[in-house]
Amino acid sequence: MSQAARARGYGALVLVLCLAFGLRVYGFWFGLPYVLTGDGENAFINPAVQMVVSGDLNPHWFGHPGSTVIYPLALLYGLLYVIGHAAGQLAQPAALQAQLSADPTLFYVTARLLSIAWAVATVALVWRLGTRLGGRRLGLLAALFLAVNPMHREWTTWARSDAPAAFFVLLAVYAAIRFADRPTRRWALLAGVATGLAAASKITTGVVFAAWLVAWITRPGRGRRPDLGALGLAALAAAAAFAITSPYVLLDWQTAIPNLLFENRGGHAGAERLPGLQNWWWYVAVALPGAVGWPGMIAAAFGAATVGRLRRGNAARGWIAAAFPLLYWLGIGASNLRWDHWLVPVLPIVALWTAQGVLTIARGAAQASGSRSNAYEVHLRGSRSRRKMPLALTVSLAALLLLTLSQPAFTSLRRAFQSAQPNTQVLAIRWFRDHVPAQTVVGSEWYTGLFWSATIKLEEVPTLGQSTPDYFRTRGAQFVAASSDMYDRFYAEPARYADFVAAYERFWRELPLVIQFAPDPWRRPGPTIRILRVP
1 MSQAARARGY GALVLVLCLA FGLRVYGFWF GLPYVLTGDG ENAFINPAVQ MVVSGDLNPH
61 WFGHPGSTVI YPLALLYGLL YVIGHAAGQL AQPAALQAQL SADPTLFYVT ARLLSIAWAV
121 ATVALVWRLG TRLGGRRLGL LAALFLAVNP MHREWTTWAR SDAPAAFFVL LAVYAAIRFA
181 DRPTRRWALL AGVATGLAAA SKITTGVVFA AWLVAWITRP GRGRRPDLGA LGLAALAAAA
241 AFAITSPYVL LDWQTAIPNL LFENRGGHAG AERLPGLQNW WWYVAVALPG AVGWPGMIAA
301 AFGAATVGRL RRGNAARGWI AAAFPLLYWL GIGASNLRWD HWLVPVLPIV ALWTAQGVLT
361 IARGAAQASG SRSNAYEVHL RGSRSRRKMP LALTVSLAAL LLLTLSQPAF TSLRRAFQSA
421 QPNTQVLAIR WFRDHVPAQT VVGSEWYTGL FWSATIKLEE VPTLGQSTPD YFRTRGAQFV
481 AASSDMYDRF YAEPARYADF VAAYERFWRE LPLVIQFAPD PWRRPGPTIR ILRVP
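Take a look at the structure:
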């Protein structure tokens, strides 16, 4: 490869990485200074701050367990304290907790930037894996598909464990494929460490160790020697990486086990598992198409079937890449809950499959038009040559990219613009500040954002579906706020939640609507917030 071609390839990668960063960093300050994401972020940020304040490295919460988020954040917050102390702004560590309560913006911005950094690193890693498997074109397309994926974009702008989990899963798969091509202890060690760090991020992603097992079973020269040393090294590295980064999962197991089991609880309206095989099918037919679109799904199916035959190397590459998505899908499908964002760790592999599928279909279309997909026009210029794709392949590839990229790219762009605007919950908080006397009693259910209003006296219940207007009258409430993030869950399954729907209907019927803040596809994110007056 000439230096000019290499420079163009790296230049294209830089553009894709800038796109990934731009889509995620634009509007990443959403909601602040109010924390409107509930325990989605504060479950990681609060323990990190407490570590700096108290010196206790036990996070006392292990729901994911999220160690690759909590401990790096503790280091960053410790650095913030050192800087603030040197500047005379923070006299002692306890002041950090006071600052978090007064204005959490700096803490959440720091945490979200860390998550975005993991996301961009994942885009770079999927480029590296794709380039290893099928050349620069495959690597660049895979990176592009992941960069614009709306689900990956959304959940890697939160201070959560999704971004590092996806990165370490992909790193483990990459190390497994390298081991399958050239079975050295270095790749066994890296696969084990990456597996342990993936499990330290989200415990369920530890099944990525299966990718390395497939690589170990199918490695070159396996018939001559069993190489149990590599197997033991990978397993030991995985256990050690998990134990070192998540020591209190083991030391405080009385807390850790209930926390981890709680993540598989039932009884969460709108996210309960579907009967029979429907739960597994929901991820395939609803959740994943929502992230990549149906054209992308079709391309990914083609890519998954052909990725193992790329270039030279171990023919089991396809099974190595598929081992984690398959086992992980079986696991989350068996859970008592269903969340679309549980698919985030598999999205880098899906991006790789989609890119390979697009290239496979484009080559097939080019061949069908009478042009060989591997034929190139060669132009000699002195001692250098320049390769040019055939016209039929170029047209086919451009058409397929337009078809498969348009939906996810448009969705990511729209959500980025949305997130930069004040959402409906912020507008509700401001409305009460500007139009209602201070300390007015306001009833509310969860997800209205009014918990962060400093001007009202809040009377909050989990859901209006288990309450009545009379309850709020007895509490002296003059207004009641409802959020579609809550009531839509019950209206989506009216037969299952008939009592809840009836309770909401009573609120709509008895309490007049004062004002409603509804989302807009481009200008305003958030749920619909209804403000009702209590007569």
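Numbered by the numbering used here, the letters in the sequence shown go through residues 1 to 535 in order.
Virtual Cβ for every residue (Gly too), placed ideally from N, Cα, C.
Since the model is a prediction, treat every value here as computed from it, not as a measurement.
{"Asked": "Buried versus exposed, by CB contacts within 10 Å (16 or more), T122", "Found": "buried"}
{"Asked": "Supposed contact pair P325 and V292 - C-beta distance, whole angstroms, cut 8 Å", "Found": "The Cβ separation is near 13 Å, so there is no contact."}
{"Asked": "Between the CA atoms of T204 and V514 - distance to the nearest angstrom", "Found": "45 Å"}
{"Asked": "Own chain, CB closer than 8 Å to R265, minus 5 neighbours either side, in chain order", "Found": "N336, L337"}
{"Asked": "Bounding residues of the beta strand (DSSP E) (the contiguous stretch that carries E510)", "Found": "Taken as a continuous stretch (DSSP letters only), E510 belongs to no beta strand (DSSP E), being part of the alpha helix (DSSP H) at 498-510."}
{"Asked": "Residue of L15, P104, S101, P164 minimising C-alpha distance to V344", "Found": "P164"}
{"Asked": "Strand pairing of V545, partner residues [DSSP]", "Found": "There is no way to answer for residue 545, as the model of the chain reaches only from 1 to 535."}
{"Asked": "Burial state of S54, where buried means 16 or more other Cβ atoms lie within 10 Å", "Found": "exposed"}
{"Asked": "Closest residue to V307 among V480, Q356, D485 (Cα-Cα distance)", "Found": "Q356"}
{"Asked": "Neighbour-count burial assignment, V378, 16 or more Cβ in a 10 Å radius", "Found": "Note that V378 has pLDDT 35, beneath the 50 cutoff, so the model's placement of it is unreliable and no number is given."}
{"Asked": "V501 versus W212: straight-line alpha-carbon distance, rounded", "Found": "49 Å"}
{"Asked": "Sequence-distant residues of the same chain with beta carbon closer than 7 Å to F209, five excluded per side", "Found": "T195, A238"}
{"Asked": "Cβ shell of L113 (< 8 Å), same chain only, five flanking positions each side left out", "Found": "V25, F28"}
{"Asked": "Local Cβ density within 10 Å of T468, reported as buried at 16 or more and exposed below that", "Found": "exposed"}
{"Asked": "Euclidean distance between Cα positions of E263 and G9", "Found": "43 Å"}
{"Asked": "Three-state secondary structure assigned by DSSP to D520", "Found": "strand"}
{"Asked": "A180 vs I320 beta-carbon contact at 8 Å", "Found": "yes"}
{"Asked": "Own chain partners of Q97 with C-beta closer than 7 Å, once the 5 adjacent residues on each side are dropped", "Found": "V49, V53"}
{"Asked": "Alpha helix (DSSP H) runs wholly inside the stretch 250-289, at least 4 long, in chain order", "Found": "253-262, 278-282"}
{"Asked": "Beta-carbon proximity check, A438 vs I531, cutoff 8 Å", "Found": "no"}
{"Asked": "Supposed contact pair G449 and Q418 - C-beta distance, whole angstroms, cut 8 Å", "Found": "In fact, because the Cβ distance is near 16 Å, the residues do not count as touching under 8 Å."}
{"Asked": "Candidates S406, G232, P104, P348, of which the one nearest R185 by Cα", "Found": "G232"}
{"Asked": "Cα-Cα separation between A166 and I332, rounded to whole angstroms", "Found": "15 Å"}
{"Asked": "Rounded Cβ spacing between W187 and A198 (contact assumed at less than 8 Å)", "Found": "Contact doesn't hold; Cβ gap of about 16 Å is too wide."}
{"Asked": "G66 and F44 closer than 8 Å at C-beta", "Found": "yes"}
{"Asked": "Inter-stretch contact (C-beta, 8 Å, three-pair minimum) for the stretch 142-156 and the stretch 117-134", "Found": "yes"}
{"Asked": "Alpha-carbon spacing of S350 relative to A300, whole angstroms", "Found": "The amino acid at residue 350 is misidentified as Ser; the sequence shows Val. C-alpha separation (whole angstroms): 6 Å."}
{"Asked": "For L236 and W216, the rounded distance between their alpha carbons", "Found": "15 Å"}
{"Asked": "Beta-carbon separation (whole angstroms), V442 vs E459, contact threshold 8 Å", "Found": "7 Å"}
{"Asked": "Start-end ranges of the beta strand (DSSP E) lying completely within the stretch 59-104, minimum 3 residues", "Found": "none"}
{"Asked": "Beta-ladder partner(s) of I531, from DSSP", "Found": "A481, I515"}
{"Asked": "Simplified DSSP assignment, three categories, for L32", "Found": "coil"}
{"Asked": "Beta-carbon proximity check, D103 vs P47, cutoff 8 Å", "Found": "no"}
{"Asked": "Cβ neighbour criterion (16 or more within 10 Å) applied to P183", "Found": "buried"}
{"Asked": "Neighbourhood of W127 by C-beta, 8 Å cutoff - its chain only, sequence neighbours within 5 removed", "Found": "L13, V16, G139, L140, A142, A143"}
{"Asked": "Residue environment, V534, which counts as buried when at least 16 other CB atoms sit within 10 Å", "Found": "buried"}
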